[in-house]
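Residue numbers (UniProt numbering): 1 to 53.
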């Protein structure tokens, strides 16, 4: 019984660790995409502004 309990505990811990890593990856990925879109939009605006010149 004790061994099975430890096994379940290990599975729960590893799954939580994996989920937290996945969540962290998703957050970082989202932040990178947002920053990239922001810079892209800014450069696009700059190109639009400088085109008449």
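A virtual CB, placed ideally from N, CA and C, is assigned to each residue, including glycine. The model shown is predicted, which means the values in this text are computed figures rather than measured ones.
For residue j and residue i, the rounded distance between their alpha carbons
{"i": "residue 23", "j": "residue 15", "result": "12 Å"}
{"i": "residue 40", "j": "residue 20", "result": "30 Å"}
{"i": "residue 5", "j": "residue 17", "result": "18 Å"}
{"i": "residue 32", "j": "residue 42", "result": "15 Å"}
{"i": "residue 11", "j": "residue 38", "result": "40 Å"}
{"i": "residue 27", "j": "residue 34", "result": "11 Å"}
{"i": "residue 13", "j": "residue 44", "result": "46 Å"}
{"i": "residue 2", "j": "residue 30", "result": "42 Å"}
{"i": "residue 8", "j": "residue 25", "result": "26 Å"}
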